[in-house]
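Peer 1: I'd like to ask some things about the structure below.
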Amino acid sequence: MLEEVRNPAVSPERASGVLEINLEGLVANWRQLRKRVAPAACAAVVKADAYGTGLTEAGKALAAAGCDTFFVAVPSEGVALRAKCPSATIYVLNGLAMGLAELYLAHRLRPVLGSLAEIREWQAALGAADNDGSAALHVDTGMNRLGLSLAEFASLMSASSKAALGFAPSLVMSHFVMADNPDHPLNARQIRDFAQARALCPDIPASLANSSGIFLARDARHDLARPGYALFGGNPTPGRENPMRDVVTLKVPIVQLRVIQNGETVGYDAQWTAPGQRRIATLSAGYADGYPRGGTVTDARRESGAPIAEAIIAGKRCPFAGRVSMDLITVDVTGLPEDAVKPGDPAILIGEGLSLDEVGQRADTIGYEILTRLGRRFERVYRR
Ligand SMILES: *Cc1c(COP(=O)(O)O)cnc(C)c1O
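So, in structure tokens, the structure goes:
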């Protein structure tokens with residue numbers, strides 16, 4: 001079914017472009033991963049406004065498909081999701097923000113407790129609360145951002161400390177450093193260390209795998225997978241064919257077309273010089289919309305043979321020319337037949353063969369950053 005839900009926050013007349021979010025693809029991706037990890041369960045990581053696709057719509061679609069466990073990064077995201085998903089289990093990855101335990105309890109948000117200080121704060125808040133205090137424990141196995149050390153966790157899981165905990169941990173988890181690089185020995189070390197931690201509390205469900213982790217060895221899966229990026233169409237197996245469906249398409253209009261002569265430059269700082277007569281299309285999108293300035297194509301970059309940013313116009317890939325500016329992008333469309341394009345026609349910046357990962361690589365960043373930065377100026381159209 002192809003029912004559209006339009007975002008009323010941006011009126012179409014004012015939009016600089018249209019961001020299409022295919023909720024059917026999102027749900028299909030979640031189902032595919034759930035099948036792959038079975039008999040483990042599959043959660044959905046919907047932090048950062050569901051990776052830029054919209055927490056409300058993405059959360060509702062996933063919950064309707066049967067996803068009952070979500071991970072957000074910060075409490076405000078949890079509160080917003082709770083309003084749409086009254087019965088879901090919601091974990092807050094960044095832990096228990098100091099002073100906010102009451103808020104977590106009021107909205108039934110489960111903190112992913114990652115330090116002894118957070119555990120103490122949670123225990124103190126529970127004393128007075130009518131709540132079982134379900135929370136996750138994060139064990140660090142190498143990321144060194146959040147989480148209890150293996151030694152802290154081991155001492156916490158000793159019989160006496162466990163009895164004194166005052167709440168029953170509902171999940172024990174850790175996070176991969178580079179699961180997208182399956183041959184790196186750090187993966188095996190993290191899998192081994194987490195298995196050791198987990199052996200100290202075999203009765204608590206465990207979770208280790210993010211999107212790419214799901215595609216590592218079977219012993220990375222445990223009881224609950226935590227994919228984010230792959231749900232939204234990112235490739236969890238870089239360098240191999242993407243098993244996921246596209247979710248996001250970004251179309252922006254061509255504002256103007258012009259012909260420039262040999263030696264003329266395009267854009268700020270005169271970084272791109274026409275190597276002959278060229279036809280330039282100017283697109284209505286820029287870094288203010290979250291398209292990275294790293295997509296800039298200078299003469300040096302063009303000549304270096306490095307991958308350069310592209311747009312699909314009239315079915316053909318066309319290279320960027322010059323700086324990505326705040327609200328505009330210039331593209332060399334000399335390769336198209338003259339009557340193939342006119343102002344108002346769409347240029348595709350993401351989707352229809354231009355993958356998130358490729359867009360990221362061509363702009364010196366990663367697909368994750370492309371997705372999560374896509375701004376609010378686009379009209380969002382949800383398809384399901
Ligand atoms: C963001 C995040 C995930 C999801 O990672 P993807 O690579 O997007 O699948 C899982 N676990 C933790 C702890 C995270 O921070």
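In the working numbering, the protein residues as written are 1 to 384. We treat Cβ as the ideally placed atom computed from N, Cα and C, and that holds for glycine. Predicted, not measured: the structure shown is a model, and the values here were computed from it.
DSSP on E379, reduced to helix/strand/coil?
Peer 2: Reading the sequence shown from its first residue, position 379 is the one you call residue 379. Correct three-state label for E379: strand.
Peer 1: So C85 and W30 are supposed to be a Cβ contact under 8 Å. How far apart are they, rounded?
Peer 2: Stepping through the sequence shown from its first residue, residue 85 is reached at position 85. Stepping through the sequence shown from its first residue, residue 30 is reached at position 30. Their Cβ separation, rounded to whole angstroms, is 14 Å, which puts C85 and W30 out of contact at 8 Å.
Peer 1: Can you tell me whether T56 is helix, strand or coil according to DSSP?
Peer 2: Indexing the sequence shown from 1 puts residue 56 at position 56. Helix.
Peer 1: What whole-angstrom Cβ distance do I254 and T282 have, given they're in contact under 8 Å?
Peer 2: Here residue 254 is taken as the residue at index 254 of the sequence shown, counted from 1. Here residue 282 is taken as the residue at index 282 of the sequence shown, counted from 1. Sure, about 7 Å apart at Cβ, within 8 Å.
Peer 1: To which residues of the same chain is H138 closer than 6 Å at the C-beta, ignoring the five residues directly before and after it?
Peer 2: As a first step, residue 138 must be located in the sequence shown, where it is residue number 138. Contacts found: V112, G114, L146, G147 and M173.
Peer 1: By Cβ distance, which residues of its chain are closer than 6 Å to R373, with the 5 residues on each side in sequence left out?
Peer 2: Counting from one through the sequence shown, the residue named residue 373 turns up at place 373. Counting only Cβ-Cβ distances below 6 Å, and skipping sequence neighbours, we find G290.
Peer 1: Bridge partners of P169, per DSSP?
Peer 2: By one-based count along the sequence shown, residue 169 stands at place 169. Per DSSP, A135.
Peer 1: Any heavy atom of ligand 1 closer than 8 Å to the Cβ of M173?
Peer 2: Looking up residue 173 in the sequence shown gives position 173. Yes, ligand 1 has a heavy atom inside 8 Å of this Cβ.
Peer 1: Pick from N262, A309, Q256 and A288: whose alpha carbon is nearest that of G344?
Peer 2: The sequence position of residue 344 within the sequence shown is 344, counting from 1. If we check each option's Cα against that of G344, Q256 comes out closest.
Peer 1: For ligand 1, is there any heavy atom lying closer than 8 Å to the beta carbon of L23?
Peer 2: If you number the sequence shown from 1, residue 23 lands on position 23. The answer is no for L23.
Peer 1: Would you check if the distance between the CB atom of A43 and the CB atom of A225 is smaller than 9 Å?
Peer 2: Indexing the sequence shown from 1 puts residue 43 at position 43. Indexing the sequence shown from 1 puts residue 225 at position 225. Yes, they are a contact pair.
Peer 1: Could you check whether S170 and P205 sit closer than 9 Å to each other, using their CB atoms as the reference points?
Peer 2: Here residue 205 corresponds to residue number 205 of the sequence shown, with the count starting at 1. Here residue 170 corresponds to residue number 170 of the sequence shown, with the count starting at 1. Yes. Within cutoff.
Peer 1: Report the residue from H175, D132, E102 and L150 whose alpha carbon sits nearest the alpha carbon of L116.
Peer 2: For this step, residue 116 is matched to residue 116 along the sequence shown. Of the listed residues, the one whose Cα sits closest to L116 is L150.
Peer 1: Can you list, in chain order, the stretches of the beta strand (DSSP E) that have 3 or more residues and sit fully within the stretch 308-369?
Peer 2: Fully enclosed beta strand (DSSP E) runs of 3 or longer: 310-313, 316-319, 329-332 and 346-350.
Peer 1: Sorry if obvious, but does the Cβ on G70 come closer than 8 Å to a heavy atom of ligand 1?
Peer 2: What you label residue 70 is simply residue 70 of the sequence shown in a count that begins at 1. Looking at the sequence itself, residue 70 is Phe, so the reference to Gly does not match. Result no, Cβ not under 8 Å from ligand 1.
Peer 1: Starting from V248, follow the beta strand (DSSP E) in both directions and report where the run begins and ends.
Peer 2: The residue labelled residue 248 in the question sits at position 248 within the sequence shown. V248 to I260 is the span of the beta strand (DSSP E), which, as asked, contains V248.
Peer 1: List in chain order: all unbroken beta strand (DSSP E) runs of 3+ residues lying wholly within the stretch 182-268.
Peer 2: The qualifying runs are 248-260.
Peer 1: Cβ-heavy atom distance between P238 and ligand 1 below 8 Å?
Peer 2: What you label residue 238 is simply residue 238 of the sequence shown in a count that begins at 1. Every heavy atom of ligand 1 is 8 Å or more from the Cβ of P238, so no.
Peer 1: What ranges does the beta strand (DSSP E) occupy inside the stretch 56-80, keeping only unbroken runs of at least 3 residues that lie completely in it?
Peer 2: Complete beta strand (DSSP E) runs here, min 3: 69-72.
Peer 1: Is A314 close to chain B? Criterion is C-beta to C-beta, closer than 9 Å.
Peer 2: Included in the structure is just one protein chain, with no chain B present.
Peer 1: Classify A44 as helix, strand or coil using the three-state DSSP reduction.
Peer 2: Here residue 44 corresponds to residue number 44 of the sequence shown, with the count starting at 1. Strand, per DSSP.
Peer 1: Taking the straight line between their C-alpha atoms, what separation do you get for M244 and A230?
Peer 2: Counting from 1 along the sequence shown, the entry for residue 244 is found at position 244. Counting from 1 along the sequence shown, the entry for residue 230 is found at position 230. Between M244 and A230, the C-alpha separation is close to 6 Å.
Peer 1: Indicate the three-state DSSP secondary structure (helix, strand or coil) for A106 in the structure shown.
Peer 2: In the sequence shown, the residue the question calls residue 106 occupies position 106. Looking at A106 - three-state DSSP - the assignment turns out to be helix.
Peer 1: Could you check whether the Cβ of Y268 sits closer than 8 Å to any heavy atom belonging to ligand 1?
Peer 2: Here residue 268 refers to the residue found at position 268 when the sequence shown is read from its first residue. Checking the Cβ of Y268 against ligand 1 gives no.
Peer 1: Less than 8 Å between the CB of L354 and some heavy atom of ligand 1, yes or no?
Peer 2: What you label residue 354 is simply residue 354 of the sequence shown in a count that begins at 1. False, no ligand heavy atom lies under 8 Å from that Cβ.
Peer 1: Exposed or buried, what is P75 when buried is set at 16 or more other beta-carbons lying within 10 Å of its beta-carbon?
Peer 2: If you number the sequence shown from 1, residue 75 lands on position 75. So P75 ends up on the buried side.
Peer 1: Taking the alpha carbon of F215 as the point to measure from, which residue in M178, L250, D246 and Q196 has its own alpha carbon closest?
Peer 2: The count along the sequence shown starts at 1 and reaches residue 215 at position 215. Of the listed residues, the one whose Cα sits closest to F215 is M178.
Peer 1: Mind checking whether the beta-carbon of R226 lies closer than 8 Å to any heavy atom of ligand 2?
Peer 2: Ligand 2 is not part of the structure shown, which contains ligand 1 as its ligands.
Peer 1: Hey, P292 and I308: beta-carbon distance below 9 Å or not?
Peer 2: Walking along the sequence shown from the start, residue 292 turns up at place 292. Walking along the sequence shown from the start, residue 308 turns up at place 308. Not closer than 9 Å, so no.
Peer 1: Could you check what DSSP says for E118 in three-state terms: helix, strand or coil?
Peer 2: Against the sequence shown, residue 118 aligns to sequence position 118. In this structure, E118 counts as helix in the three-state DSSP scheme.
Peer 1: To the nearest angstrom, report how far apart K47 and A63 are at their CA atoms.
Peer 2: Position 47 of the sequence shown, counted from the start, is the residue given in the question as residue 47. Position 63 of the sequence shown, counted from the start, is the residue given in the question as residue 63. So the alpha carbons of these two residues sit roughly 15 Å apart.
Peer 1: Do T53 and V248 come within 9 Å of each other at the CB atom, strictly closer than that value?
Peer 2: Counted from its first residue, the sequence shown places residue 248 at position 248. Counted from its first residue, the sequence shown places residue 53 at position 53. Yes.
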